[in-house]
Amino acid sequence: MKRNTGFENNCYLFLVSKILLFILSILISFVAVAQQKEIPLYTGAAPGSENWNWEEKVFFVKVPLNAKVIYNITKPTLTVFTPDSANGCTVIICPGGGLHVLNFETEGVKYANELVKKGITVFIFKYRLVQSVTDDPWQEMIKTMAKTDTSRRNTATVSIMARTDLNIAIRYVRLHAAEFKVDPKRIGVMGFSAGGAMAARVAYNFEPDARPDFVAPIYSVISGIKERAIKPDAPPLFIAAATDDSLAKVSNSVELYTDWMNAKRPVELHIYSRGGHGLRGSPAENWISRFTDWLESQDLLKPKH
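Per my numbering, residue 1 is the first one in the sequence shown, and the count goes up by one each step.
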């Protein structure tokens, strides 16, 4: 009778450990999916777009995202990501996409997964967009940058709707704070690109019952914000951008920082020499760690007792 050698036993244990790790990864993925829930912001059609009947769709953008985007959004929602152990801090993420698409994966899910590791409850904000009339919304968005009169009017109209949706989103999270085990006084807004412009606008011109407790405009544009008087209780800001960003000039972020600094309101600015529009590559991609460091320095990550 042949006995198993030590080598065979080690191989067997190695194989078993690999199988167990594979099963564990599946279970972890299942739990992560189970923790997501999409919440409509309105009962029925959103006000002002009751006659919008086009179908929401998903489109894969190979370059530069290599990820899916969502377009033709008519029904604003919040998708919640809940951490295993919530510390009470909440971030509402506003992905960008030029108000034509929503970079839900690259500027939403990617960072939601990072933030929940820190005990932060995350809501990805899906807001109304300009209708895409072709099956390639990405190219439509690029062409719209030519700023024809029609596209300018459409974008301006949808921009107002999206800001209304964001105010509703902040109110919703604060109203349901107990349900999601979050602190109603630690609800912040983070936005990227077009979403960053919305975040900056709400920082300047927040409504009293929809004031965010902190705001993070990431490679945003503020040139379209006309009313820029800083309120005495303007929320603390965290800003990140890259010098070589050709779409959102870094001067926007510098100007935003200067406004807050002159008003003597809390603000922190990170500018990377490289990273482009998206803060890609090292060290720019580490901005999310600097953001959570900043949250900690502001005492926003302390568990609620």
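Yeah, the Cβ is synthetic: ideal placement off N, Cα and C, and Gly gets one too.
Closer than 6 Å by C-beta to ARG290: which residues in its own chain qualify, once you throw out the five before and the five after it? Chain order, please.
Along the sequence shown, read from residue 1 onward, the residue named residue 290 stands at position 290. Closer than 6 Å at the Cβ level, and outside the excluded window around ARG290, lie HIS270.
Taking only beta-carbon positions, decide if PRO212 is within less than 8 Å of chain B.
Judged by its chain identifiers, the structure shown contains no chain B, having just a single protein chain.
When you compare only the Cα positions, how much space is there between LYS302 and THR90?
For the purposes of this step, residue 302 is taken as residue 302 along the sequence shown, with counting starting at 1. For the purposes of this step, residue 90 is taken as residue 90 along the sequence shown, with counting starting at 1. Cα to Cα, LYS302 sits roughly 12 Å from THR90.
Per DSSP, which residues does ILE218 bridge with? Please list them.
In the sequence shown, residue 218 corresponds to position 218, counting from 1. Answer is PHE192 and ALA240, bridged to ILE218.
Let me make sure I understand the geometry here. Which of PRO64, THR292 and TYR71 has the alpha-carbon closest to that of GLU56?
Translated into positions along the sequence shown, residue 56 becomes position 56. Among PRO64, THR292 and TYR71, the Cα nearest to that of GLU56 belongs to TYR71.
List the DSSP bridge partners of GLN36.
As a first step, residue 36 must be located in the sequence shown, where it is residue number 36. Per DSSP, PHE81.
For LEU279, which residues from the same chain have a beta carbon less than 8 Å from its beta carbon, with the 5 sequence-adjacent residues on both sides left out?
Against the sequence shown, residue 279 aligns to sequence position 279. The residues are ILE218, TYR219, ALA240, ALA241, ALA242, TYR272, GLU285 and TRP287.
Please name the residue, chosen from GLY195, ASP259, ALA45 and GLU107, that lies closest to LEU65 on a Cα-to-Cα basis.
Walking along the sequence shown from the start, residue 65 turns up at place 65. Ranking GLY195, ASP259, ALA45 and GLU107 by Cα distance to LEU65 puts GLU107 first.
By Cβ distance, which residues of its chain are closer than 6 Å to TRP294, with the 5 residues on each side in sequence left out?
By 1-based counting over the sequence shown, the position of residue 294 is 294. Here the set comprises PHE238 and GLU268.
With burial defined as no fewer than 16 other Cβ atoms inside 10 Å of the residue's Cβ, what is the status of TRP54: buried or exposed?
Here residue 54 is taken as the residue at index 54 of the sequence shown, counted from 1. Per the 10 Å Cβ criterion, exposed.
So for ILE160, helix, strand or coil by DSSP?
Indexing the sequence shown from 1 puts residue 160 at position 160. ILE160 falls in the helix class under three-state DSSP.
Check whether the segment 137 to 145 and the segment 173 to 193 are in contact - that is, three or more C-beta pairs closer than 8 Å.
No contact exists between the segment 137 to 145 and the segment 173 to 193.
With VAL80 and PHE123 assumed to form a contact (beta carbons below 8 Å), what rounded beta-carbon distance in angstroms separates them?
Taking the sequence shown and counting its residues from 1, one reaches residue 80 at position 80. Taking the sequence shown and counting its residues from 1, one reaches residue 123 at position 123. Contact flag correct, Cβ pair sits at about 5 Å.
Whose C-alpha, out of ALA162, LYS118, ASP244 and VAL202, is nearest the C-alpha of ARG228?
Residue numbering aside, residue 228 sits at position 228 when the sequence shown is read from its first letter. Selected option, being the one with the closest Cα: VAL202.
With H, G and I counted as helix, E and B as strand and the rest as coil, what does DSSP make of PHE104?
The residue labelled residue 104 in the question sits at position 104 within the sequence shown. Of the three classes helix, strand and coil, the one that applies to PHE104 here is coil, per DSSP.
So, PRO76 versus TYR42, is the Cβ gap smaller than 8 Å?
One-based indexing of the sequence shown puts residue 76 at position 76. One-based indexing of the sequence shown puts residue 42 at position 42. Yes, Cβ-Cβ distance for PRO76 and TYR42 is below 8 Å.
Using a 10 Å radius around the Cβ and a threshold of 16 neighbouring Cβ atoms, would you call THR343 buried or exposed?
The structure shown does not extend to residue 343, since the chain is modelled only from 1 through 305, so no value can be given for it.
What is the DSSP secondary structure of ALA67, counted as helix, strand or coil?
To locate residue 67, count along the sequence shown from 1; it is residue 67. Reduced to three states, the DSSP call for ALA67 is strand.
Leaving out the 5 sequence neighbours to the left and right, which residues in its chain are closer than 8 Å to MET1 when beta-carbon positions are compared?
The residue given as residue 1 occupies position 1 in the sequence shown. Any reading at MET1 must be qualified, since the residue scores a pLDDT of 47, below 50, and its modelled position is unreliable; the value itself is stated next. For MET1, where only same-chain residues beyond five positions count, there are no Cβ hits under 8 Å.
Alpha carbon to alpha carbon, how far is MET190 from SER49?
To locate residue 190, count along the sequence shown from 1; it is residue 190. To locate residue 49, count along the sequence shown from 1; it is residue 49. Their Cα atoms are separated by approximately 25 Å.
In terms of residue numbering, what span does the beta strand (DSSP E) encompassing TYR272 cover?
Along the sequence shown, one-based indexing puts residue 272 at 272. Segment 267 to 272, the beta strand (DSSP E) holding TYR272.
Per DSSP, CYS94 is paired with what?
Within the sequence shown, residue 94 is the residue found at index 94, counting from 1. Bridge partners of CYS94: GLY191.
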